[in-house]
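Right, one structure below, let's go through it.
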Amino acid sequence: MKLKNVAAAGAIVLASALALTACSGSNNSGSSNSPKPSDTSSVDLSSLSGTITAGGSSAQANVQQAWTTAFTQQATGVKINYDKSQGSGGGVTNWLAGSYDFAGTDAALKPEQFTQAQTAPCGAAGALNIPVYLSGVGIIYKLPGDPKVKVTGQILAQIFAGKITSWNDPKLVAVNSGTTLPNLKISVVHRSDGSGTTANFTTYLSQIDPTDWTWAAGTAWPNNVGSGQQGGSGVVNTVEAGSGTIGYADQSSVGSATMADVQVGTSGSTFSTYSAAGATAAFAAAATDASQGAGDLTKKLDYTKITDASAYPIPLLSYDVLCKNFKDSTQGKLTAAYIGFIGSSEGQQVGAANAKAAPLPDSILAEIKTSLADVK
Amino acid sequence: MTESAAPRRMSAKARPSDRIFRSLSTGSAVLIMVILAGVAIFLIAKAAPAIAADWTKGDLASGTTAGHTDFWTYTGPLIWGTIWSAFIGLLMGAPVAIGIALFISHYAPRRISGVLAYLVDLLAAVPSIIFGLWGIFTIRKFLLPFQEWLNAHAGWFPLFGGTPSTTGSTMFAGGVVLAVMILPIITSITREIFLQTPRLHEEAALALGATKWETVRLAVFPYARSGMLSAILLGLGRALGETMAIAMIMSPTLLFSLRLFTDNQNSQTIAANIALNFPESNTLQRDALIGTGLMLFVISLIVNFAARFIIGRTGKTGGSKKKVPALNPTVALALDDAASPLDALHPHASSAHPEGLKPSQPEGPRA
Amino acid sequence: MTATAIPNAPAPKRRIDNSLTSGQLPRLFEVYVLAGALIVSGVLFAVLGFSAVGWLVVSAILYLLFVGIFSAVVENRRQAVDRLVRGVVVIAFLLALAPLLSTLIEVISRGAKDALNPAFIFQTGGSHYDPQTFKVTTTIGAWQSVVGTLIITGIATVISVPIGMLTAIYLVEYGRPSHWMNRVVTFLVDVMTGIPSIVAGLFAFSLFTLIFGPKAFSGFSAAIALCVLMIPIVVRSSEEMLKLVSMDLREASYALGTTKFVTITRIVLPTAISGLITGVMISIARVIGETAPIFVAASFTNNFNSNPFANAMSTLPVMAYTGYKFPSTDIQGSYDSAWGAALLLVILVVILNLIARLVARLFAPKGLR
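Here is the structure:
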C-alpha cells in the first residue's frame, strides 16, 4: 500500500516537471456526449453517440472488427476502439483498473477477480461475463504433398509433450490407414506469448490425456518442446513455411493452413474437422452453467463430454466482461447496446460470416438479452 | 590539465540572454534528473510487490509467470539472455559498423561517400518493426542452411551444438537482426566523428610516410576513441532493449544457454519477454515483468559504468580532454584546421602558424 | 603512436623500406587479385556444388589472403597491412550493405503495391457492412496512422530535442566535467538509454491515469513515453558532437569579445549542426518505429483521431504490427497493408531526413566539409 503511494509520489514529481513542457492537457476522462435515454430492449441505434473504449482477447480481434463495423454503420454517432493487442489477461487487468468499458477475454473472470470487480470498477452490483464468441482451436500442420492427417487427443498430447517425434510413428500410422506418412521429424510450433488459445488447448490436452500431458493448463506454454512463435499469425506462418511442422491456432488466424481431423472423444473412429456447426454442437454438449452471480453467464467447458459425432472436440469460448452498474449510466447504456448487438442473432451471423465463428445457441442469446437488460 | 575550467574563465561578459540560456540548459539537465527519478521510483514501487511476493502460490504461480520459485530464478535466465543476445549482436555488428564508417570517411571515393553516408543515415532511420518483419520473412530462411552446416560440422563447439532448428527462429537469427539494427546507429555517429579528426594530424602522418592504415590508427582512432565508445554504447543500449524484433523472430526459452542454432534452447531476453507476456498478464504478473524491466535498467547501468571505467583506465586520451590538447593556444589553433565559421573572418587563422605542426606529439597517448 | 616510429617501423633487412625504393605492385593489382579470387573460388564451388553466398565468402577470404601474401612478398609488411585493412574495410562495407539493401528491397517490393496508392495514403481505413449477407468488407487506408504518427512523433520531438540539446549544451559548455551534477546527469543519461520501451509506455500511462483518471489513453501520453526514450539519445549524440567542436573556435570567439550565449549559438552550434541533425534523426527514427509504448499509452483504434489529448490513436508501426500479428481473414490483404504501412513509414522518415539535411545545410557555415 505504501509503495503505491511512493509510486504516486514519483509520478507527481514528474507531473510537475511535465508542466514545464506540456502546456495543457484537456480533461478527457469518461465524458461523452449524452445520448437520449432509450429502452435497452429495442434500442434505437441511430440515437446513440459516444466512444466505447475496450480491449482484450486477440482471438476476438477479427470478430470485434466486424461487429464494430456492423454496429457503427447503424449507430453512426458511436466510435468503438477495441485494442486487440492487449490479450485476455491485459484486457481484464485494464478493465479492472477502470480503463475499459468492457474487456474481451478467453476465460471468464476468476472468482477473486469477480469479487475484486465489486470494489472497483463496478461497485456492489458486480460484473457480468457474457459469452459472445464461439470458435475452435485448429490443429494445423504442413507435410509434403499435403496429405489429410487424423489425430487423437492422446497423439496430440504425446506430440506436444515431445514423446512422438516422427510423422511415421506407429501410433500416427495406426489412425491414418490409407495415408502414407513421410519419415519426417515432427517440428512442434507453439505460442511464445501468453495466450488464451494456449490456455484452451492445454486445458483440452490435460483433460483428454492427463497421463501424457502432465503440465497444468495455463496461458504460457509449459514445456520445452518445439519452437515458440509470437501470436497466432506467427504460429501459422512458421507452420506454413516449414516442413513436418505442427501447431495450433484459433480459427480466425488459421487462414488457408491445412487442419488435421481430430478424434471425437477418447475412443472410436469418429474424426471431425472444424466447422461452425461442429463448434456449436460441442458447446451444447460441453458447457455447463457456472454462474458467479445473478445474470452472470460464465460457462464451464468439459472437453471429455464432447462425444457427439457432429461435434468438433476443441471448441474455444470467449467472453466480454462488463459492469452491471456503470459509473456513467449513458456509457453503460451505450456499452450494453453494443454487447446486445453482439449477442443478437444478427451479431452472431456477422461473426460467422467474417471470422469463421460459430453462432451461439439461441438459448444462450436469450440469456444474454435478459442479463444485459439489467446493465445501467 | 586545467582546461576544463577554461571556458568558464573566459566567459567574462554575461548579458540577460546569457543568464536565461544558462538557466535553460541547467534546467533541462535538472529536468532529466527529475524524469529519471520519476521512472526509477515508478519502476521500484511497481516491482517491489512482485519481488517480495511468494511465487509458489497465488497469481505468480499461474499464467505467464508460472513455474518459478522466486523472482530471481525467473529473472536470472532473462538477464543472461539479454546480455548474451546483445553481446552476439554487438560482436557481429560493431566491428562491421566501424569498418563502414571508416570506409565512408576515409576509403571511399569522395564523390560516392556522400551518397553512402546518406544511405547509412537512411538505414539508421529504418524503424525496428521493419527489421522484425524482415527477420521473420527473409532472414530466418536465409540463415537455416548455414546454421545446419555449422551445427553438423562444428557441433562440438558449445555455441553451435544442440538439435538444429527447423524453423530458423534461433538466437543467431535474432543476433543477426540485432547486428543489422545497431549497425547504422554506430556507423552514423562514428562516421561523423572520424570526419571531425583534425586534418592536419592526418596530413602530418601522411607526410611522414605513413600508409593510410597507419594514419587511421595513429591519427584518427585515438582522436575518435571516446566517440566510438559512445556510439557503441548507444548501439548496445538498443541491442539490450530491443523488444519487438526479438519477440517476433526468436523462439524463446527461460534458461541459461549458450546455444545459437536451436529451437528450444535460446535464452529469452528481458525486453522481448515483457512484450510477449505483458498482454496476457494480470496486475501482479505485470509487476513481475516490470521488475525484470528494472533489472534491464540495472544491466545497462552496469554496462555503461564499466565502459566508462575502462575508457578512463586505458589512457587519458579519449573524451573531452582530447579536444584541448595543448596548453599553448597558438599550437592549439594550428593543430586544428577543421573548417570553421571563423575561417570566414580570419582566412589565414589556421595556416598562420606552421610551426604548430612540429609539436603535434603532445597528442600521443603512448609517447 | 610517436611519429618517430612511423618512418622506420620495421628494421631494414634488405634495404630501407620506402615506397619510393621498395618494390611496387601494379596499380590495378587489387582488381587482378579480386578477379583471381572470384575465379578460383568459383571453380572450387563448381566442383562442390554452387552456392552464391559460399562463393562470395570464399572469394573474400581468398582475396584477403592473396593480397596480404603478394604485398608482403613484393612490397613490405606495412604496405601489406595497409592493403589488408583496405580489403577488410571494403568487405565490411559490402557485408553490411547486403542485409540493409535486402531489407529495403523487401519493404519496397512488398509494400509498394499499397503504399504508392494515393488512396491508401490519404484515406482513412474503413470497412463496410452489408446487412443482407452479413459480410464486412474492408477498404484500405492509412491516413489515420499517418496523422497519428506525425502528431505523436512531432510532439515527442518538440519536447525532447530542446531538452536534450540544452542538456548537452549544459554538459559541454556550462558544467565542469568534475562537477557532481555533470557526472550525475551523464550517468543518468546512460541509464536512461536502458529503459525498455514498454516500461516507458507504462510509466507515461500511469502518470496520465493519475492526472486524468483511468481512461487516459491519448496520443499525448504516448508522446511523453517516446520522450523518455528519445531524450537520452539526443543528449548522447549531441554531447558527442559538441565536444568535437574544437576549443580554439570558442577561444577565438571569446577573443573577439562575444558573450557565451553568442559563442554557443553562432559558433558552436553551426559548426556541429550536421552531427546534431544526424543525432536528432537517429533519435526520431528510434522512436517513430515504436509499437509497444503506443499500445500501452495510446491504445489501438481503426478510427481517425487528430486530437492528441483524447482517445486512442493509431500510428504506422502499430498498423504494420497489427496487420502482421492480427491479420483479418484475408491474410494476404492484411500483410499487404502491413508492408504498405512499413514502407510509408520509411518514406516518411526519408522525407524528414531530407528536410533535416536541408536545414543543416542552411545553417552550416560555409566551407564545412
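Protein chains in written order, with the numbering used here: chain A, 2 to 377; chain B, -3 to 363; chain C, 271 to 639. For each residue, glycine too, the CB sits at the ideal point set by N, CA and C.
Report task. Report the option in D606/C, V343/C, A582/C, I534/C whose CA atom is closest to the CA atom of A438/C. Result -> Checked all of D606/C, V343/C, A582/C, I534/C; the closest Cα to A438/C is I534/C.
Query - the segment 191 to 225 of chain A: positions lying closer than 8 angstroms to chain B by Cβ - result: Listed in sequence order: S193, D194, G195, S196, G197, A217, G219, T220, A221, P223, N225.
Query raised in the report: Is there a Cβ from chain B that is less than 8 angstroms from the Cβ of A175/A?
Result: Judged by the 8 angstroms Cβ criterion, A175/A is not in contact with chain B.
Requested in this report: Could you tell me whether the segment 595 to 609 of chain C touches the segment 405 to 420 of chain C, where touching means 3 or more Cβ pairs closer than 8 angstroms?
Outcome: Between the segment 595 to 609 of chain C and the segment 405 to 420 of chain C there are three or more C-beta pairs closer than 8 angstroms, enough to call the two in contact.
Query raised in the report: Three or more beta-carbon pairs under 8 angstroms between the segment 249 to 265 of chain B and the segment 78 to 92 of chain B, yes or no?
Result: With the cut-off at 8 angstroms, the segment 249 to 265 of chain B and the segment 78 to 92 of chain B touch.
Requested in this report: Determine the contact status of Y101/A and T153/A, defining contact as a CB-CB distance below 8 angstroms.
Outcome: For the 8 angstroms CB-CB criterion, Y101/A and T153/A do not form a contact.
**Report entry** Rounded C-alpha distance that separates I141/A from S24/B
**Finding:** Their Cα atoms are separated by approximately 55 angstroms.
Report task. Return yes when the Cβ of F202/A is within less than 8 angstroms of the Cβ of I131/A, no when it is not. Result -> Against a cut-off of 8 angstroms, the Cβ pair of F202/A and I131/A comes out as no contact.
Query raised in the report: Within this structure, are the beta carbons of I433/C and F274/B separated by less than 8 angstroms?
Result: I433/C places its beta carbon 8 angstroms or farther from that of F274/B.
Query - Cross-strand partners of S397/C (DSSP beta bridge) - result: For S397/C, the pairing in a beta bridge is given by DSSP as T408/C.
Query raised in the report: Which whole-angstrom value is the C-beta distance of L615/C and I547/C, which I expect to be below 8 angstroms?
Result: Not quite, the Cβ-Cβ distance comes to about 20 angstroms (not below 8 angstroms), so this is no contact.
**Report entry** Residue range of the beta strand (DSSP E) that includes G105/A
**Finding:** Bounds of the beta strand (DSSP E) holding G105/A are 103 to 106.
Query - Endpoints, the alpha helix (DSSP H) within which D117/B is located - result: Its alpha helix (DSSP H) spans residues 106 to 120.
Query raised in the report: What does E223/B pair with, by DSSP beta-bridge criteria?
Result: In the sequence under discussion, the amino acid at residue 223/B is Gly, which differs from the Glu named in the question. BP columns for G223/B are empty, so no partner.
Query raised in the report: Taking buried to mean at least 16 other C-beta atoms within 10 Å of its own C-beta, is G365/B buried or exposed?
Result: It is not possible to answer for residue 365/B, since the shown part of chain B is limited to -3 through 363.
Report task. Assuming Y275/A contacts G137/A (C-beta within less than 8 angstroms), just tell me the rounded distance between them. Result -> Taking 8 angstroms as the upper bound for CB-CB distance, Y275/A and G137/A are in contact here, some 5 angstroms apart.
Query - Presumed contact (8 angstroms Cβ cut-off) between L441/C and I465/C, rounded CB distance - result: Incorrect: roughly 19 angstroms between the Cβ atoms, too far for contact.
Query raised in the report: I558/C CB to nearest chain B CB: under 8 angstroms?
Result: It does: the Cβ of I558/C has a partner Cβ on chain B nearer than 8 angstroms.
Query raised in the report: Does DSSP classify F272/A as helix, strand or coil?
Result: Correct three-state label for F272/A: strand.
Query - Whole-Å CB distance - P145/A paired with S257/A, under 8 angstroms assumed - result: With 8 angstroms as the limit, P145/A and S257/A do not qualify as a contact, their Cβ atoms being about 17 angstroms apart.
Query raised in the report: Which chain B residues sit within Cβ distance under 7 angstroms of Q155/A?
Result: Under the 7 angstroms cutoff, chain B gives no residues; its nearest Cβ is about 23 angstroms from Q155/A.
Query - Beta-carbon proximity check, A93/B vs T186/B, cutoff 8 angstroms - result: T186/B is positioned such that its CB atom lies closer than 8 angstroms to that of A93/B.
Requested in this report: Alpha carbon to alpha carbon, how far is I182/B from E443/C? Give it in angstroms, no decimals.
Outcome: The C-alpha of I182/B is placed about 25 angstroms away from the C-alpha of E443/C.
Query - is_contact[A630/C, chain B] using C-beta, thresh 8 angstroms - result: So no, A630/C is outside the interface.
Query - Inside the segment 236 to 319 of chain A only - beta strand (DSSP E) runs reaching at least 3 residues - result: Taking only runs of at least 3 residues, the beta strand (DSSP E) segments lying wholly in the segment 236 to 319 of chain A are 246 to 251, 262 to 264, 288 to 290, 300 to 302.
Query - DSSP three-state assignment for G51/A, whether helix, strand or coil - result: Strand.
Query raised in the report: Are at least three pairs of beta-carbons, each pair with one atom in the segment 345 to 364 of chain C and one in the segment 585 to 600 of chain C, less than 8 angstroms apart?
Result: Here the segment 345 to 364 of chain C does not lie against the segment 585 to 600 of chain C, with fewer than 3 beta-carbon pairs under 8 angstroms apart.
Report task. Indicate whether at least one CB of chain C lies closer than 8 angstroms to the CB of V111/B. Result -> Not one chain C Cβ lies under 8 angstroms of V111/B.
Requested in this report: Tell me where the beta strand (DSSP E) around I534/C begins and ends.
Outcome: Where I534/C is concerned, there is no enclosing beta strand (DSSP E), given that its DSSP letter is neither H nor E.
Query raised in the report: What residues from the segment 462 to 478 of chain C come within 8 angstroms of chain B, judged by C-beta to C-beta, listed N to C?
Result: Hits within the stretch, in order: M462, T463, G464, I465, P466, S467, I468, V469, A470, L472, F473, S476, L477.
Requested in this report: Taking C-beta pairs closer than 8 angstroms, name the residues in chain B that I503/C reaches, listed in chain order.
Outcome: Within 8 angstroms of the CB of I503/C, the CB atoms of chain B belong to L230, in sequence order along the chain.
Query raised in the report: When burial is assigned at 16 or more other CB atoms within 10 Å of the CB, is V376/A buried or exposed?
Result: By the Cβ neighbour-count rule, V376/A is buried, with 16 or more other Cβ atoms within 10 Å of its own.
Report task. For M177/B, I'd like the list of residues in its chain whose CB is within less than 7 angstroms of its CB, leaving aside the five on either flank, ordered along the chain. Result -> Contacts found: S124, F127, R234, E238, A241.
Query - Inter-residue spacing [alpha-carbon to alpha-carbon] between G124/A and P73/B - result: C-alpha of G124/A to C-alpha of P73/B: approximately 42 angstroms in a straight line.
Query raised in the report: Taking Cβ positions only, does P160/B come closer than 8 angstroms to chain A?
Result: No, P160/B does not count as interfacial toward chain A.
Query raised in the report: Quick one: Cα of M511/C to Cα of A542/C, how far?
Result: Between M511/C and A542/C, the C-alpha separation is close to 6 angstroms.
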